[in-house]
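Below: one structure, written as C-alpha cells.
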Amino acid sequence: MAVLDIREWGKDDVLLKVCKPVKELTPRLKTLIEDMYDTMYDADGVGLAAPQVGVLRRICVIDVGEGPVTLINPEVLETSGEQTGNEGCLSVPGKTGVVTRPNYAKVKALNEDMEEVIVEGEGLMARALLHEIDHLDGHIYTEKVEGQLYDVEDLVEEIDDDDDEE
Ligand SMILES: [Zn+2]
677 MAVLDIREWG
687 KDDVLLKVCK
697 PVKELTPRLK
707 TLIEDMYDTM
717 YDADGVGLAA
727 PQVGVLRRIC
737 VIDVGEGPVT
747 LINPEVLETS
757 GEQTGNEGCL
767 SVPGKTGVVT
777 RPNYAKVKAL
787 NEDMEEVIVE
797 GEGLMARALL
807 HEIDHLDGHI
817 YTEKVEGQLY
827 DVEDLVEEID
837 DDDDEE
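The sequence shown begins at 677 in the numbering used here and counts up by one.
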C-alpha cells in the first residue's frame, strides 16, 4: 500500500512517451497496480495511468463509482456517439477544460489474471476509458481541449456567484 507521486504535465516528459505492453504480470507490476489504486483514491480521481506515476507500461486503473476496473494492454475496439463536457486530469492539477469525446467505448484488455476482458462504458466511463488509454500513448487531454483551460477554483467561484444571484 503506497500513495505514489503523480507526475505533472509540463514538468515531466514521462507523460509524453509511448508505454510498452505488459508481457508478464510480475509481483512488481501487481504491487504497482495496488499502489495506483491507492494513489487514485487518495487524489479523488476516477482514473490513473501508469505513466502518471512514472512507469512506462500499458496499465491503467479506473473507478467512476461503479467499482475498480484494471486495464492491462487495453485496445479500443469501438466507439460511438458524442459527448461534450468538462474534463480534468490528476497530472494537470487544478485545471479543467471542455473536451468532446465519443459517448460510448468498447475496450479489449487483460485483467489482473492476464485474462482477456471486454470493458464497455457510456458517459463518464467512456470518457475515463479513452482519457486513460490516451495516456498510454503519451497524449494528455489538454491537446483536445476546446477553448481554454480553466482554473477549477475560478469555476467554483463562478458557480458560487450564480448562487448568490438567485
Ligand atoms: Zn489524465
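A virtual CB, placed ideally from N, CA and C, is assigned to each residue, including glycine.
Model, not experiment: these values are computed from the prediction.
- For a cut-off of 8 Å, the C-beta gap from A725 to C736 is around 4 Å, short enough to register as a contact.
- Less than 9 Å separates the beta-carbon of T760 from that of V774.
- At a threshold of 8 Å, L766 counts as near ligand 1, since its beta carbon sits closer than that to one of the ligand's heavy atoms.
- No heavy atom of ligand 1 is found nearer than 8 Å to the CB of Y713.
- Residue range E822 to D827 is occupied by the beta strand (DSSP E) that includes D827.
- Looking at E763, K771 and Y713, the one whose alpha-carbon comes closest to that of P744 is Y713.
- Contact between T746 and N787 is confirmed by a C-beta separation of about 6 Å, below the 8 Å threshold.
- DSSP places K706 in the uninterrupted alpha helix (DSSP H) bounded by P703 to D718.
- At the C-beta level, H815 and Q728 stay beyond 9 Å of one another.
- Secondary structure note for L691: it is in no beta strand (DSSP E), with a DSSP letter that is neither H nor E.
- Check the Cα spacing between V752 and each of T715, K706, A785 and C695: the tightest is with A785.
- Within a 10 Å sphere around the beta-carbon of K771 sit 16 or more other beta-carbons, which makes this residue buried.
- I682 is a Cβ neighbour of P769, given a cutoff of 9 Å.
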